[in-house]
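Participant: Provided herewith is a single structure, encoded as structure tokens, for subsequent inquiry.
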Amino acid sequence: MAQVSELGQLEDGEDERPKWDNKVQYLLSCIGFAVGLGNIWRFPYLCQTYGGGAFLIPYFIALVFEGIPLFHIELAIGQRLRRGSLGVWMAISPYLGGVGLGCFTVSFLVSLYYNTVLVWVLWFFLNSFQHPLPWSTCPLDLNRTGFVPECQGSGTVSYFWYRQTLNISADISDSGTFQWWLFLCMVACWAIVYLCVIRGIESTGKAIYFTALFPYLVLTIFLVRGLTLPGAAEGLTYLFTPKMQTLQNPRVWLDAATQIFFSLSLAFGGHIAFASYNPPRNNCKKDAVTIALVNSMTSLYASIIIFSVLGFKATNDYGQCLDRNILSLINEFDFPEQSIPRDDYPTVLLHLNATQPERVARLPLKACHLEDFLDKSASGPGLAFIIFTEAVLNMPGATGWAILFFGMLFTLGLSSMFGNMEGVITPLLDMGILPKGIPKEALTGLVCLMCFLSATCFTLQSGSYWLEIFDNFAASLNLIIFAFFEVVGVIYVYGMKRFCDDIEWMTGQRPGLYWRVAWYVVSPLLLLSIFLAYIILLAHKAPSYKAWNPQYEQFPLKQEKLYPGWVQVICVLLSFLPSLWVPGVALAQLLCRQRQKWKDAQLESGLKLQNGRHC
Amino acid sequence: MLWPLFFLMTAIHAELCQPDAENAFKVRLSIRTALGDKAYVWDTNEEYLFRAMVAFSMRKVPNRGATEISHVLLCNVTQRVSFWFVVTDPSKNHTLPAVEVQSAIRMNRNRINNAFSLNDHTLEFLKIPSTFAPPMEPSVPIWIIIFGVIFCIVIVAVTLLILSGIRQHRRNTKGPSGVDDTEDKCENTIAVENGIPCDPLDTKGGHINEVFLTEEERLTPL
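Listed in order, the protein sequences are those of chains Y and E.
Under the working numbering, the first sequence is numbered contiguously, ending at residue 687.
Under the working numbering, the second sequence is numbered contiguously, ending at residue 311.
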């Protein structure tokens with residue numbers, strides 16, 4: 073086979089390449105990398121916002137036409153070329169080396185802020201080992217006659233999150249000081265990451281058994297608990313009921329495509345690195361389909377749990393809303409205690425409104441509708457650290473549930489961090505940056521130290537605003553560009569025929585029509601349209617953020633502010649700088665080749681002259 | 090003749106204790122919320138106890154040591170269980186200033202609560218804020234303890250891994266030379282047995298020790 077011999081030199085040198093102990097480790101590592109915090113707090117939110125069950129249609133279409141084909145390409149080239157993301161692209165074409173460097177940069181940026189989320193999770197985890205939980209009560213004010221006003225206005229959990237955890241400033245330009253407790257947790261987090269990646273896949277391969285499987289155990293425990301909670305059924309029916317008309321909104325399709333893309337952690341280089349440690353003849357097609365399906369099933373599984381717990385919380389809040397109103401009525405009209413059951417409340421209110429409307433009008437009665445509470449949704453940290461945390465408070469045995477929940481989030485994020493770190497470490501190892509004498513432990517230690525020092529900026533008081541910026545800008549556009557170049561590079565530069573031959577050699581089967589159509593046409597088109605849609609959305613309005621400002625008039629609501637100029641510049645830089653590696657490296661290679669040709673031409677003409685003289 | 094006086098007194102009392110009267114306080118009890126099934130019924134005996142507790146609190150104020158239960162007036166008792174009360178001076182013509190009553194109740198709030206098996210939330214004196222007890226805080230926050238445990242475990246594990254890596258590295262580099270050393274040692278021990286070099290033993294006469302021979306054969310492949 074021509075391809076094998078062309079790249080034959082790779083085979084000889086790679087005997088010392090580390091290997092997976094068994095197939096299970098490899099599968100668990102890829103699944104752990106793909107299944108992360110986004111499956112828990114992004115997918116249920118999208119499902120809820122975009123019409124419940126109806127969202128599954130664009131989601132699965134995106135999975136079939138974009139997710140699985142791209143994922144298969146990554147695993148196949150990693151396994152075939154047996155290099156990390158940098159080496160793979162240099163091998164396919166030296167002009168495409170920039171893609172590898174770009175993936176490396178994005179992996180580095182993402183690991184900075186992803187681990188910061190783990191720092192927050194660790195902080196909550198450490199604080200869960202007490203009863204009552206610290207976010208169940210407000211602290212007292214100086215006179216000890218009441219609660220701190222900020223806490224009274226916003227609620228105990230929000231106060232614990234914004235004030236006692238983040239100690240957030242009211243504006244992004246106000247950096248504030250370093251929060252020593254977050255700094256300590258960050259030291260611990262990076263130490264744990266170092267412990268797990270210290271010897272590359274030798275150590276992560278052992279750790280992954282726990283970090284990839286523990287979340288599923290906890291999810292199952294929560295499933296059983298969640299489905300037996302009162303109000304779970306309301307949550308599930310309300311949130312999963314499909315509202316088909318939302319499918320007409322193009323935003324739904326865009327979000328489904330981006331969700332699949334980021335959920336599978338494509339274009340980070342981590343999957344390429346994982347696959348490069350595989351034996352050459354391994355059925356990567358089956359692996360790709362399996363892992364992608366497991367990832368999507370996990371998202372669905374998690375959303376059932378999240379929705380049942382949210383339904384319980386909404387029912388609880390609705391009941392408390394009614395109880396507060398009933399208490400106001402009883403206190404005002406001096407009815408006997410507990411004389412108005414919740415079901416009778418509307419009739420009693422009607423009667424009182426008819427007989428004594430002025431007194432009723434003076435009362436602070438709120439309108440209580442169950443749908444309003446069910447509609448309160450959030451994605452991202454808000455879901456985990458505020459809403460779910462509040463729901464856990466009301467469960468019997470809250471301490472244990474909190475420990476389990478945050479332990480699960482930590483292991484979920486940790487297994488994704490392994491993939492991120494592989495995307496950073498494997499290219500460095502392949503580049504041969506460190507001399508032979510220095511062991512791998514030193515390299516991983518150095519990488520973790522650099523990441524830790526760079527990430528300390530997120531422990532400032534404005535840290536969470538910066539994290540949002542990184543989350544929104546550092547990864548999204550760049551990864552889509554890299555994925556586009558991945559598909560185009562493999563299919564058009566490396567060659568579809570060569571690639572199909574390689575896959576036939578590895579798996580024993582030639583890719584069928586579905587794969588070829590998806591790679592040739594559908595995936596590149598989808599990626600292009602996502603890229604354009606993103607640019608349009610970004611340019612549509614100036615980027616803004618929501619600040620937590622206790623001095624704001626509508627206080628518990630967050631204040632919408634525009635980013636200052638210098639922050640906008642940083643956003644733009646984050647969005648485009650990593651992608652500049654692609655044209656940069658291509659240009660550098662071009663110049664190098666031209667110089668070489670020029671030198672060769674000079675040498676040739678010099679020889680001719682010499683020959684001429686002698687002749 | 091006494092009847093008009095009696096009516097006059099009750100009229101004055103009625104004026105002194107009225108909802109929103111000067112120096113009057115509203116009290117609200119939530120007995121069923123606090124005690125559930127063990128809730129007691131609010132009757133005149135409980136009212137008597139309440140008046141006694143208020144009088145007791147006032148007696149602890151300097152200059153008000155002569156307050157009697159009859160000086161505490163209750164009115165407008167509702168089904169909610171809520172009512173208004175005032176404390177009059179010994180002449181029963183004026184009510185005591187609200188500030189004094191407020192500070193007296195605040196100082197003895199705990200005793201009053203305990204007398205009725207209620208707490209600050211279920212026995213409310215509207216307009217008298219209660220001082221909350223500070224929460225029980227351990228000297229070292231729990232999260233630091235757990236953090237310390239986890240961090241120590243991680244550091245120990247990292248150190249062990251690094252040390253074992255260094256040891257393995259050294260073993261790999263020393264491996265080939267180590268084998269040569271043992272080979273030499275073998276030859277030395279065979280060549281010098283019991284302090285006597287074996288070669289001279291071989292050349293002298295006498296029986297050939299077959300054990301010695303087999304040992305030599307064992308060595309020749311080297």
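All C-beta atoms, glycine included, are put in the ideal place defined by N, C-alpha and C.
The structure presented is a predicted model; accordingly, all values stated were derived computationally and were not measured.
In chain Y, which residues lie with their C-beta within 8 Å of the C-beta of isoleucine 244 (chain E)?
Facilitator: Locating residue 244 (chain E) in the second sequence gives position 155, where the first residue counts as 1. Neighbours of isoleucine 244 (chain E) on chain Y, chain order: Ala263.
Participant: Measuring straight from C-alpha to C-alpha, what distance separates leucine 214 (chain Y) and glutamate 222 (chain Y)?
Facilitator: Taking the first residue of the first sequence as 1, we reach residue 214 (chain Y) at position 142. Taking the first residue of the first sequence as 1, we reach residue 222 (chain Y) at position 150. Cα to Cα, the separation comes out at about 13 Å.
Participant: Determine the closest residue to asparagine 355 (chain Y) out of Y:Arg89, Y:Leu663, Y:Gln682, Y:Met578, with distance taken between C-alpha atoms.
Facilitator: The residue given as residue 355 (chain Y) occupies position 283 in the first sequence. Asparagine 355 (chain Y) has its Cα closest to that of Y:Met578, out of Y:Arg89, Y:Leu663, Y:Gln682, Y:Met578.
Participant: Anything in the region 114-128 of chain Y with a Cβ closer than 9 Å to a Cβ of chain E? List those residues in chain order, please.
Facilitator: If the cut-off is 9 Å between Cβ atoms, the region 114-128 of chain Y has nothing near chain E.
Participant: Taking threonine 237 (chain Y) and tryptophan 192 (chain Y) to be in contact with their CB atoms under 8 Å, please state how far apart those CB atoms are, rounded to whole angstroms.
Facilitator: Here residue 237 (chain Y) is taken as the residue at index 165 of the first sequence, counted from 1. Here residue 192 (chain Y) is taken as the residue at index 120 of the first sequence, counted from 1. Rounded, the Cβ-Cβ distance is 7 Å, consistent with contact.
Participant: List, in chain order, every chain Y residue whose beta-carbon is nearer than 8 Å to that of isoleucine 251 (chain E).
Facilitator: Within the second sequence, residue 251 (chain E) is the residue found at index 162, counting from 1. Result: Ile270, Glu513.
Participant: Taking C-alpha atoms, which residue in Y:Phe482, Y:Gly509, Y:Gly485, Y:Val519 lies nearest to leucine 500 (chain Y)?
Facilitator: Residue 500 (chain Y) sits at position 428 when you count from the first residue of the first sequence. For the residues Y:Phe482, Y:Gly509, Y:Gly485, Y:Val519, the minimum Cα distance to leucine 500 (chain Y) belongs to Y:Val519.
Participant: Jot down the residue ranges of each uninterrupted alpha helix (DSSP H) in the region 134-222 of chain Y, minimum 4 residues, whole runs only, in chain order.
Facilitator: Fully enclosed alpha helix (DSSP H) runs of 4 or longer: 140-153, 157-164, 169-199.
Participant: Contact between the region 366-385 of chain Y and the region 169-186 of chain Y: three or more CB pairs below 8 Å?
Facilitator: Output reads no: the region 169-186 of chain Y does not touch the region 366-385 of chain Y.
Participant: What in chain E is Cβ-close to leucine 267 (chain Y), meaning under 8 Å?
Facilitator: The residue given as residue 267 (chain Y) occupies position 195 in the first sequence. Near leucine 267 (chain Y) (Cβ distances below 8 Å), the residues of chain E are Val243, Ala246, Val247, Leu250.
Participant: How would you write the range of the alpha helix (DSSP H) that alanine 187 (chain E) sits in, first residue to last?
Facilitator: Sequence index remark: in the second sequence, residue 187 (chain E) carries index 98 (1-based). Per DSSP, alanine 187 (chain E) belongs to the alpha helix (DSSP H) from 187-196.
Participant: Between the Cα of glutamate 409 (chain Y) and the Cα atoms of E:Asp109, E:Met147, E:Thr122, E:Ala110, which residue gives the shortest distance?
Facilitator: Counting from one through the first sequence, the residue named residue 409 (chain Y) turns up at place 337. Closest by alpha carbon: E:Thr122.
Participant: Decide if the region 340-350 of chain Y is in contact with the region 133-153 of chain Y; the criterion is three or more beta carbon pairs, one per stretch, under 8 Å apart.
Facilitator: The region 340-350 of chain Y vs the region 133-153 of chain Y: in contact.
Participant: For cysteine 664 (chain Y), count neighbouring Cβ atoms within 10 angstroms of its own Cβ and tell me buried if that reaches 16, exposed if not.
Facilitator: Translated into positions along the first sequence, residue 664 (chain Y) becomes position 592. Counting Cβ neighbours within 10 Å, cysteine 664 (chain Y) comes out exposed, since fewer than 16 surround it.
Participant: Applying the 10 Å Cβ sphere with the 16-neighbour rule, what's the burial state of methionine 522 (chain Y)?
Facilitator: What you label residue 522 (chain Y) is simply residue 450 of the first sequence in a count that begins at 1. Exposed, because fewer than 16 other Cβ atoms sit within 10 Å of the Cβ of methionine 522 (chain Y).
Participant: Measure from the C-beta of leucine 394 (chain Y) to each C-beta in chain E and report whether the shortest distance is under 9 Å.
Facilitator: By one-based count along the first sequence, residue 394 (chain Y) stands at place 322. So no, leucine 394 (chain Y) is outside the interface.
Participant: I'd like to know whether the C-beta atoms of arginine 200 (chain E) and aspartate 209 (chain E) end up nearer to each other than 9 Å.
Facilitator: The residue you call residue 200 (chain E) lines up with position 111 of the second sequence. The residue you call residue 209 (chain E) lines up with position 120 of the second sequence. Going by C-beta atoms, arginine 200 (chain E) is not nearer than 9 Å to aspartate 209 (chain E).
Participant: Which residues does DSSP list as the beta-bridge partners of glutamate 632 (chain Y)?
Facilitator: For the purposes of this step, residue 632 (chain Y) is identified with residue 560 of the first sequence, where counting begins at 1. Partner(s): Y:Lys618.
Participant: For a cutoff of 9 Å on Cβ pairs, would you count glutamate 135 (chain E) as touching chain Y?
Facilitator: For the purposes of this step, residue 135 (chain E) is identified with residue 46 of the second sequence, where counting begins at 1. False, the Cβ-Cβ gap to chain Y never drops below 9 Å.
Participant: Assign valine 116 (chain E) to one of three DSSP states: helix, strand, or coil.
Facilitator: Your numbering for residue 116 (chain E) matches position 27 in the second sequence. Valine 116 (chain E) falls in the strand class under three-state DSSP.
Participant: Buried or exposed: aspartate 574 (chain Y), going by 16 or more other Cβ atoms within 10 Å of its Cβ?
Facilitator: On the first sequence, position 502 is the one that residue 574 (chain Y) refers to. So aspartate 574 (chain Y) ends up on the buried side.
Participant: Is serine 146 (chain E) close to chain Y, meaning its C-beta is less than 9 Å from at least one C-beta of that chain?
Facilitator: Within the second sequence, numbered from 1, the residue matching residue 146 (chain E) stands at position 57. Not an interface residue.
Participant: Grouping DSSP H, G and I as helix and E and B as strand, with all else coil, what is threonine 156 (chain E)?
Facilitator: Your numbering for residue 156 (chain E) matches position 67 in the second sequence. Three-state DSSP puts threonine 156 (chain E) in coil, outside helix and strand.
Participant: I'd like the span of the beta strand (DSSP E) that includes tryptophan 173 (chain E), first residue to last.
Facilitator: Stepping through the second sequence from its first residue, residue 173 (chain E) is reached at position 84. First-last of the beta strand (DSSP E) with tryptophan 173 (chain E): 171-176.
Participant: DSSP puts threonine 184 (chain E) in a beta bridge; with which residues?
Facilitator: Position 95 of the second sequence holds residue 184 (chain E). Beta-bridge pairing links threonine 184 (chain E) to E:Thr177.
Participant: So, does the CB of glutamine 202 (chain Y) fall closer than 9 Å to a CB anywhere in chain E?
Facilitator: Numbered from its first residue, the first sequence carries residue 202 (chain Y) at position 130. So yes, glutamine 202 (chain Y) belongs to the interface.
Participant: Counting only beta-carbon separations shorter than 9 Å, does valine 259 (chain Y) have a partner in chain E?
Facilitator: Taking the first residue of the first sequence as position 1, residue 259 (chain Y) is located at position 187. Output row for valine 259 (chain Y): interface = yes.
Participant: In angstroms with no decimal places, state the Cα-to-Cα distance between phenylalanine 648 (chain Y) and asparagine 550 (chain Y).
Facilitator: For the purposes of this step, residue 648 (chain Y) is taken as residue 576 along the first sequence, with counting starting at 1. For the purposes of this step, residue 550 (chain Y) is taken as residue 478 along the first sequence, with counting starting at 1. Cα-Cα distance, rounded: 7 Å.
Participant: Would you say alanine 673 (chain Y) faces chain E, with C-beta separation under 9 Å as the test?
Facilitator: Within the first sequence, numbered from 1, the residue matching residue 673 (chain Y) stands at position 601. Judged by the 9 Å Cβ criterion, alanine 673 (chain Y) is not in contact with chain E.
Participant: For lysine 357 (chain Y) versus proline 596 (chain Y), is the C-beta spacing smaller than 9 Å?
Facilitator: If you number the first sequence from 1, residue 357 (chain Y) lands on position 285. If you number the first sequence from 1, residue 596 (chain Y) lands on position 524. No; because the gap between Cβ atoms is not below 9 Å, this pair is not in contact.
Participant: Say the cut is 8 Å; is the CB of asparagine 208 (chain E) nearer than that to a heavy atom of the ligand ATP?
Facilitator: Absent from the structure shown: the ligand ATP. Ligands present: none.
Participant: Where does valine 559 (chain Y) sit, in a helix, a strand or coil, going by DSSP?
Facilitator: Here residue 559 (chain Y) corresponds to residue number 487 of the first sequence, with the count starting at 1. Helix at valine 559 (chain Y).
Participant: If you draw a straight line from the C-alpha of histidine 612 (chain Y) to the C-alpha of lysine 633 (chain Y), how long is it?
Facilitator: For the purposes of this step, residue 612 (chain Y) is taken as residue 540 along the first sequence, with counting starting at 1. For the purposes of this step, residue 633 (chain Y) is taken as residue 561 along the first sequence, with counting starting at 1. Cα to Cα, histidine 612 (chain Y) sits roughly 16 Å from lysine 633 (chain Y).
Participant: By Cβ distance below 6 Å, which residues in the same chain neighbour phenylalanine 542 (chain Y) in space, the five residues on each side in sequence not counted?
Facilitator: Your numbering for residue 542 (chain Y) matches position 470 in the first sequence. These residues qualify, in order along the chain: Tyr185.
Participant: Would you tell me roughly how many angstroms separate the C-alpha atoms of threonine 528 (chain Y) and serine 192 (chain E), rounded to the nearest one?
Facilitator: Position 456 of the first sequence, counted from the start, is the residue given in the question as residue 528 (chain Y). Position 103 of the second sequence, counted from the start, is the residue given in the question as residue 192 (chain E). Their backbone Cα atoms lie some 51 Å apart in a straight line.
Participant: Do you know offhand how far valine 641 (chain Y)'s Cα is from serine 616 (chain Y)'s?
Facilitator: Translated into the one-based positions of the first sequence, residue 641 (chain Y) becomes position 569. Translated into the one-based positions of the first sequence, residue 616 (chain Y) becomes position 544. Going from the Cα of valine 641 (chain Y) to the Cα of serine 616 (chain Y) covers about 13 Å.
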